[in-house]
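Numbering (the UniProt record's numbering), first residue to last: 1 to 336.
Read through the structure below, which is laid out as structure tokens, and then see the notes.
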Amino acid sequence: MTVKRFKKILRNLHVNDNTQIPDKTSENYDKLYKIRPLLDLTTQACQKNAKDSSSQSIDESMTLFKGRSSMKQYMPLKPIKRGYKVWCRCDSKTGYLYEFYIYTGKSKTGTEEGLGSKVVKMLTEKLINKALEEYHIIITFDNFFCDYTLMQYLYENGIYATGTVRRHRKHLPVLVKTNQKLAKGQYKWRVKGNVSFLVWQDTKEVLLLSNAFHPKVGKTTVLRTQKDGTKQEINCPLAIKEYTKRMGGVDHFDQIKSTYSVGRRSRRWWVRIFFFLLDTSITNAYLLYCQNKNATKLSNLEFRVSVARGLISGFSSRKRRSGSLVNYICRKKNCF
1 MTVKRFKKIL
11 RNLHVNDNTQ
21 IPDKTSENYD
31 KLYKIRPLLD
41 LTTQACQKNA
51 KDSSSQSIDE
61 SMTLFKGRSS
71 MKQYMPLKPI
81 KRGYKVWCRC
91 DSKTGYLYEF
101 YIYTGKSKTG
111 TEEGLGSKVV
121 KMLTEKLINK
131 ALEEYHIIIT
141 FDNFFCDYTL
151 MQYLYENGIY
161 ATGTVRRHRK
171 HLPVLVKTNQ
181 KLAKGQYKWR
191 VKGNVSFLVW
201 QDTKEVLLLS
211 NAFHPKVGKT
221 TVLRTQKDGT
231 KQEINCPLAI
241 KEYTKRMGGV
251 DHFDQIKSTY
261 SVGRRSRRWW
271 VRIFFFLLDT
281 SITNAYLLYC
291 QNKNATKLSN
301 LEFRVSVARG
311 LISGFSSRKR
321 RSGSLVNYIC
331 RKKNCF
């Protein structure tokens, strides 16, 4: 496809009817109206085509956008510092994206208290019945989302969870306020209701809440590199080791998605979200393809090329001589 043809198609690309946009003053106003139909279809497809695993993680993902938009966020500690913030719930092992919500900014009241807790409740709402009826589900998240009230809520709804917690959160034990220094590998814990609180001394102090692992059960060790390069085993609670093991689902999804991203620059704010949804669909399809043991093993790039060839069905905008055939070169024999 030529550049002019690609730009012409992109210029005339629309997902929703612009003439039906609600007024900003109305109650039905939606900031994501222009992309809403595709958002709903993608969310439904992600949940429909894969069964929820027993170990999942919740975190935030950033979609690059440097234009003007009220939904644009600035995250200085992220690799992508400016763009749209997306709350994601992914499988801890494969990185498959089950559910996501795009953050549209502060509400009309301007208050943002308990935002992290609201996000976790929103992303786990569809897991409540599954967790009670089918099997136990363990959710992990970082200190932006975690507090005692949320942990107790998840336990009462049959969902186990583990997460690091900030020192200033409410309902934490008096142990947090004491400045008692622990030796490396030592830890202290307290239990309130169905939630356990744990302080473990690594290179830095680690604070953790969990309703899935009791601090008394399952003591283990982890390896730490010393200054001379040697490895040393130090004591570690099972809850912290399991948290480290299960937390990287969203980061794994971001890594696979960004390897061969289809995103392009655009002045229209919703086009970047459109490319995010397209990348999400391809990445989830690739992760499901990798789980099929009978399929031919393809890399991420080869899989994307195969999908593109299947969509265009051999079409080419280049003019060729009569009688010449289009030949596609692929290293894999069974690549369609």
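Note that beta-carbon positions come from the ideal geometry of N, C-alpha and C, so glycine has one too.
None of these values were measured; they are calculated from a predicted model.
- Taking 9 Å as the cut-off, the beta carbon of V119 is found no closer than this to the beta carbon of I139.
- Looking at the DSSP output, E242 sits in no beta bridge, so it has no partner there.
- Just measuring C-alpha positions, the residue of V15, A183, P173 sitting nearest F197 is P173.
- The shortest CA-to-CA distance from T259 to any of A308, S299, S55, Y160 is the one to S299.
- Secondary structure of T220 (DSSP, three-state): strand.
- Using a C-beta cut-off of 8 Å, the stretch 203-214 makes contact with the stretch 240-254, since at least three inter-stretch Cβ pairs fall below that distance.
- In terms of CA proximity to S69, L32 leads the group L32, L77, T43, Q44.
- Taking a 10 Å sphere around the C-beta of T164, we find 16 or more other C-beta atoms and assign the residue as buried.
- Here the alpha carbons of V250 and I256 stand approximately 10 Å from one another.
- The beta carbon of Y98 sits closer than 8 Å to those of C46, Q47, A50, D52, Q56, R89, C90, D91, all from its chain and outside the five residues before and after it, given in chain order.
- In terms of Cα proximity to Y155, the closest of E125, M247, Y29 is E125.
- Between T63 and R272, the C-beta gap is smaller than 9 Å, which places the two residues in contact.
- Three or more Cβ pairs closer than 8 Å define a contact, and the stretch 212-224 falls short of that threshold against the stretch 166-180.
- A Cβ-Cβ distance of about 10 Å is found for the pair V262 and L277, leaving them out of contact under the 8 Å criterion.
- Under a 10 Å Cβ-count criterion, P76 is classified as exposed, with fewer than 16 other Cβ atoms of the shown protein chains found around its own Cβ.
- Looking from the CA of N143, the closest CA among G83, W189, G114, G95 belongs to G114.
- For the options S26, Y148, S61, the alpha carbon positioned closest to that of T280 is the one of S61.
- The alpha-carbon separation between H14 and L38 amounts to approximately 10 Å.
- The C-alpha of Y289 lies about 44 Å from the C-alpha of D228.
- DSSP places S281 in the uninterrupted alpha helix (DSSP H) bounded by 269-290.
- Note that the C-beta distance between S54 and I137 is below 9 Å.
- Around the beta carbon of D254, 16 or more other beta carbons sit within 10 angstroms, so the residue counts as buried.
- Distances from the alpha-carbon of F275 to those of G193, S117, T42 put T42 closest.
- Distance from the CA atom of I159 to the CA atom of Q152, rounded to whole angstroms, is 10 Å.
- Comparing C-alpha distances from P215 to each of K231, R224, Q186 shows the shortest one belongs to Q186.
- Excluding sequence positions up to five before and after T225, its CB lies within less than 7 Å of the CB of K231, all in the same chain and listed in chain order.
- Between H252 and G95, the gap from beta carbon to beta carbon is short of 9 Å.
- Sixteen is the threshold: since fewer than 16 other Cβ atoms of the shown chains lie within 10 Å of the Cβ of M1, the residue is exposed.
- Contact between T149 and S117 holds: CB atoms are separated by about 7 Å, below the 8 Å threshold.
- With fewer than 16 other Cβ atoms from the protein chains shown falling within 10 Å of its own Cβ, I9 counts as exposed.
- Membership of E302 in any beta strand (DSSP E) is not indicated; the residue belongs instead to the alpha helix (DSSP H) covering 300-312.
- Put simply, of V86, I58, W189 the residue whose alpha carbon is nearest the alpha carbon of M71 is V86.
- Exposure of M122 is indicated by the presence of fewer than 16 other C-beta atoms within 10 angstroms of its C-beta.
- For the set T283, F315, H171, the Cα lying nearest the Cα of E302 is the one of T283.
- DSSP places T2 in the coil class of the three-state scheme, outside both helix and strand.
- A direct Cα-Cα distance of roughly 37 Å separates K188 from I80.
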